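Remarks on the structure that follows.
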Amino acid sequence: MNYIQQIFACAALAFAGTAYQPAMAQVKLSSDAYPVIVAPHSQSISYLERTLCYDITSNVDYTVATDADWLSVRKAADGSVYIHVAYNESNFKRVGRVTFVNEEKGLKETLTITQSKNEGAAEIPSDDIFALFTDQSLSTLKEGVTQDMINSKISNEYYRGLATKILNNTYDETCRVQTYTAKLNPTVQSALWNAPGKLYDQRQGVTGINITKGKQVVAVSGLPDGQTVPITITAWYVGKDGGNFDGGNPQSFTYNVKNGLNTIDYTYDYDGLAYVCYYADANPELQPAIKVHFIDGQINGYLSPDKTNEEMYELTGKAVNVCMDVLGKKVHSVWTSKGLHDYCRATKKDPKNNKEERVLGYRQYMNVLDSLIQWEHDLLGFTKYNSLPDNRTMAYTNYTYYMFQGGFGVSFHHNQEPRVLDCNTLVYNDDDAIWGLSHEWGHQHQMHPYFCWGGMGEVTNNMNSYYNIMKMGYHSSEKINNWVPARRHFVDADYTDIETATSGQRGSRYSGKRHLAYEKRSAQPNAALRAFCETMKDSVVADYSKTPGRALHNVEVGVGEVLCPFIMLYNYFTTHGKPDFAPDWYEALRQTDNENGSVVEKQDGLDKYEALASVQNSNKNGKYAVFAAKYPNSCWITKGYITASSNPKQNTMPFVLNYIRKVSRISGYNLLPYFERWGFVRTIALYIGDYGDYFSVFTPEMYEEFKNDMDALVADGTLKAMPEGMVEDISNSPDLYNSGYKNFGTTPEFPN
Numbered sequence: 008m009n010y011i012q013q014i015f016a017c018a019a020l021a022f023a024g025t026a027y028q029p030a031m032a033q034v035k036l037s038s039d040a041y042p043v044i045v046a047p048h049s050q051s052i053s054y055l056e057r058t059l060c061y062d063i064t065s066n067v068d069y070t071v072a073t074d075a076d077w078l079s080v081r082k083a084a085d086g087s088v089y090i091h092v093a094y095n096e097s098n099f100k101r102v103g104r105v106t107f108v109n110e111e112k113g114l115k116e117t118l119t120i121t122q123s124k125n126e127g128a129a130e131i132p133s134d135d136i137f138a139l140f141t142d143q144s145l146s147t148l149k150e151g152v153t154q155d156m157i158n159s160k161i162s163n164e165y166y167r168g169l170a171t172k173i174l175n176n177t178y179d180e181t182c183r184v185q186t187y188t189a190k191l192n193p194t195v196q197s198a199l200w201n202a203p204g205k206l207y208d209q210r211q212g213v214t215g216i217n218i219t220k221g222k223q224v225v226a227v228s229g230l231p232d233g234q235t236v237p238i239t240i241t242a243w244y245v246g247k248d249g250g251n252f253d254g255g256n257p258q259s260f261t262y263n264v265k266n267g268l269n270t271i272d273y274t275y276d277y278d279g280l281a282y283v284c285y286y287a288d289a290n291p292e293l294q295p296a297i298k299v300h301f302i303d304g305q306i307n308g309y310l311s312p313d314k315t316n317e318e319m320y321e322l323t324g325k326a327v328n329v330c331m332d333v334l335g336k337k338v339h340s341v342w343t344s345k346g347l348h349d350y351c352r353a354t355k356k357d358p359k360n361n362k363e364e365r366v367l368g369y370r371q372y373m374n375v376l377d378s379l380i381q382w383e384h385d386l387l388g389f390t391k392y393n394s395l396p397d398n399r400t401m402a403y404t405n406y407t408y409y410m411f412q413g414g415f416g417v418s419f420h421h422n423q424e425p426r427v428l429d430c431n432t433l434v435y436n437d438d439d440a441i442w443g444l445s446h447e448w449g450h451q452h453q454m455h456p457y458f459c460w461g462g463m464g465e466v467t468n469n470m471n472s473y474y475n476i477m478k479m480g481y482h483s484s485e486k487i488n489n490w491v492p493a494r495r496h497f498v499d500a501d502y503t504d505i506e507t508a509t510s511g512q513r514g515s516r517y518s519g520k521r522h523l524a525y526e527k528r529s530a531q532p533n534a535a536l537r538a539f540c541e542t543m544k545d546s547v548v549a550d551y552s553k554t555p556g557r558a559l560h561n562v563e564v565g566v567g568e569v570l571c572p573f574i575m576l577y578n579y580f581t582t583h584g585k586p587d588f589a590p591d592w593y594e595a596l597r598q599t600d601n602e603n604g605s606v607v608e609k610q611d612g613l614d615k616y617e618a619l620a621s622v623q624n625s626n627k628n629g630k631y632a633v634f635a636a637k638y639p640n641s642c643w644i645t646k647g648y649i650t651a652s653s654n655p656k657q658n659t660m661p662f663v664l665n666y667i668r669k670v671s672r673i674s675g676y677n678l679l680p681y682f683e684r685w686g687f688v689r690t691i692a693l694y695i696g697d698y699g700d701y702f703s704v705f706t707p708e709m710y711e712e713f714k715n716d717m718d719a720l721v722a723d724g725t726l727k728a729m730p731e732g733m734v735e736d737i738s739n740s741p742d743l744y745n746s747g748y749k750n751f752g753t754t755p756e757f758p759n
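Put into structure tokens, the structure is as follows:
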């Protein structure tokens, strides 16, 4: 047999053995034949126990070995190879390799054996197997159960094996058996905070179980009779990677399960992680704890503070899913398993030493993320007013765009994981990532419309971002560079560098938003407001020194500048005797719709501008009747600026006035001159695009009435008038890192 003939013969033998049968006839090779080992390359078999026999064609000696503990190999004297395959007790397939090696000649052939998952778990047993278990989760046996009882009462081989392993304490419950408590429905939580559509964690019940295509059995106990609980399987990776919203988005599939045995038929091609979505619309603490058992589920694991860094590093290296859950105390995040394995490292002793050996940082990483949310909760007054949420917020990786607020929370592209998983980078070198995380989570905390009126959608959430980069110890940020042009435009009233939307010419002083108010006036359903929009035809931005009412408005600049007066106000009063200035203003705004309004800044009942804001906010709690009865001579009533059918898109100004009124009371000063300087109360109409279209209409009559009402608070001693120079002092407040206040500007230490 010549060399070419031999090669074809060997190839034919290998193909025959692979495709048809495990046993092959020996083929004798000539003494001068090329050294070769001919073995099958793949074999697929069922979950049952069996022994395979192969006649391996070879003209050299070889050794045989396997990498799987469920395979055992033996080479007989006649050259036959016997491979014993153990019974597959699990309900997921497994793959093992058998190698045939001659080291002297450098020969190696590999046989890959794929054993199918055990289908027995999917066959719900007809026996009364629950009689042997303590509850319907099938996770513990009743006292006194013996092997004989198991053998006689459970005919299903799979469940008999499960009971036997539990009896012998050899069943691995890790992740498979867990107890879950109810959390407040994130939609309800969002409504309580007036942050519609911006939801906390919708996958709170992390299981650490990977679900592959096919059937999976789940046993449940503890649910009230007749109730179900959703189990949602989310495939975070779906096989498509992009960078400009052209990649794959997470796909979720929900199955409602009841007490006892349930079959989940997962038909998606990509593996998913399982979540027990146990939520309640009210009083979650009154709901019973439930136990969920993914019977012999495939363990992916999850990272949590109760594990060591070394344990978590090992978990990320063994993960079977592309992604893995990270479950901190306040943040649930999902990142790629490889990214967590490769990039999650602690801060350096010397942040600037690039040669310093890095240590694992999983525990520290969770503390960093948790701190960002805790700081937001502190700023928002949740901590002070004992209204901290019990559920977590979320962050997750994506395969489609750099960073955005997705359906689950803040999301970073997986190629950003070297940044966002490295504690040293986050803490010392990446204020943009801290700003971004806090910005997106800030959306979940924005009060619509009381601190997120039209034009504020990408602004007021950045209060949280600013606070967090200051708490993290950063001394610079491209975002706070906006303070310089903001002060130029409003404190100095210098507009010469502004390029407006209408004319497209720098310094032309025409306002696109005013012109749109004129053009879109027919979209304004309120006739009185529509009439004022008609006066915006010329759209001229007036000189502040001559006509302040028609000067540059706060929302006629970029969002970075719009933020500036809020930050300056916060910085000034926080460092001048009002350390709870922001927590109080947030809580006061949250109480706007209460029957008597807020009790944070006053104790004398419902304020006029709380009632006005509630009316504009779709007449919350029927406040129109209250306002009309109490203030019948108000221009808002006599001119018809509000009605019982008013809504937030018709006019944003009632929310602005309510905010000014509240922060004035909290500060102790009539702050109207400050907000006048910063362009909040121009007597103009604007049409603002901000995740929807809004009118902002403030007539001279509205202004005069509000000014008189603010002056009245000074006259009766409720507020003090701002002394000369105070507007400038507030407007030029130093950033917190430069204020010497508390520990702002100093990098905190995060435990690891």
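The opening position of the sequence shown corresponds to residue 8 in the working numbering, with each subsequent residue numbered one higher.
Built from N, CA and C at the ideal position, the CB exists for glycine as well.
Since the model is a prediction, treat every value here as computed from it, not as a measurement.
I believe residue i touches residue j by the beta-carbon criterion, under 8 Å. Please report the beta-carbon distance rounded to the nearest angstrom.
i: residue 196; j: residue 398; result: 7 Å
i: residue 306; j: residue 216; result: 7 Å
i: residue 689; j: residue 558; result: 6 Å
i: residue 237; j: residue 182; result: Not quite, the Cβ-Cβ distance comes to about 19 Å (not below 8 Å), so this is no contact.
i: residue 377; j: residue 338; result: 6 Å
i: residue 279; j: residue 406; result: In fact, because the Cβ distance is near 15 Å, the residues do not count as touching under 8 Å.
i: residue 680; j: residue 734; result: 6 Å
i: residue 267; j: residue 329; result: Going by Cβ atoms, the distance from residue 267 to residue 329 rounds to 32 Å, so no, they are not a contact pair.
i: residue 665; j: residue 617; result: 6 Å
Quick check: residue i and residue j, are their CB atoms within less than 7 Å of each other?
i: residue 595; j: residue 577; result: no
i: residue 74; j: residue 104; result: yes
i: residue 445; j: residue 472; result: yes
i: residue 698; j: residue 443; result: no
i: residue 225; j: residue 269; result: yes
i: residue 271; j: residue 223; result: yes
i: residue 71; j: residue 88; result: yes
i: residue 552; j: residue 521; result: no
If we count the other Cβ atoms within 10 Å of its Cβ and call it buried at 16 or more, is residue i buried or exposed?
i: residue 4; result: Past the boundaries of the shown model lies residue 4; the chain is included only from 8 to 759, so the question cannot be answered.
i: residue 371; result: buried
i: residue 31; result: Legend: pLDDT at residue 31 = 41, less than 50; position of this residue unreliable, no value from coordinates given.
i: residue 512; result: No answer about residue 512 holds up, because its pLDDT of 46 lies below 50 and its placement is not dependable.
i: residue 766; result: Only positions 8 to 759 of the chain appear in this structure, which leaves residue 766 out of reach.
i: residue 651; result: exposed
i: residue 744; result: buried
i: residue 737; result: buried
i: residue 669; result: buried
i: residue 44; result: buried
i: residue 55; result: exposed
i: residue 723; result: exposed
i: residue 42; result: exposed
i: residue 707; result: exposed
i: residue 447; result: buried
i: residue 231; result: exposed
i: residue 357; result: exposed
i: residue 83; result: exposed
i: residue 193; result: buried
i: residue 208; result: buried
Any beta carbon of chain C sitting closer than 7 Å to that of residue i?
i: residue 154; result: Going by chain labels, chain C is absent from the structure shown, which holds only one protein chain.
Quick check: the region 200 to 211 against the region 447 to 467, are there 3 or more CB pairs under 8 Å?
-> Yes, the region 200 to 211 is in contact with the region 447 to 467.
Pick out the complete alpha helix (DSSP H) segments inside the region 188 to 233, 4 residues or longer, and give them in chain order.
-> 193 to 199
Inter-stretch contact (C-beta, 8 Å, three-pair minimum) for the region 286 to 296 and the region 426 to 442 = no
In chain order, which continuous runs of the alpha helix (DSSP H) of length 4 or greater are located wholly inside the region 684 to 744?
-> 707 to 722, 733 to 738
Mind the definition here: the region 122 to 132 touches the region 250 to 260 only if three or more C-beta pairs lie below 8 Å; say whether that holds.
-> no
Cβ contact check for the region 99 to 119 and the region 134 to 154: 3 or more pairs under 8 Å | Contact fails: fewer than three Cβ-Cβ distances are below 8 Å.
Hey, which unbroken runs of the alpha helix (DSSP H) at 4 residues or more fall wholly within the region 332 to 416?
-> 344 to 350, 369 to 387
At least three beta-carbon pairs within less than 8 Å, the region 489 to 503 to the region 561 to 576 = yes
Flag this pair as touching only if the region 694 to 711 and the region 657 to 672 have three or more C-beta atom pairs under 8 Å; answer yes or no.
-> yes
What are the complete alpha helix (DSSP H) segments, minimum 4 residues, inside the region 97 to 167?
-> 154 to 160
Is it a yes or a no for the region 473 to 487 touching the region 228 to 246, going by three-plus beta-carbon pairs under 8 Å?
-> no
Ranges of the beta strand (DSSP E) found wholly within the region 412 to 453, counting only runs of at least 3 | 417 to 420
Considering only residues of the region 255 to 285, which uninterrupted beta strand (DSSP E) runs meet the minimum length of 3 residues and lie entirely inside it, listed in chain order?
-> 258 to 264, 267 to 273, 279 to 283
Please list the segments of the alpha helix (DSSP H) lying wholly inside the region 577 to 616, counting only runs of 4 or more residues, in order along the chain.
-> 588 to 597
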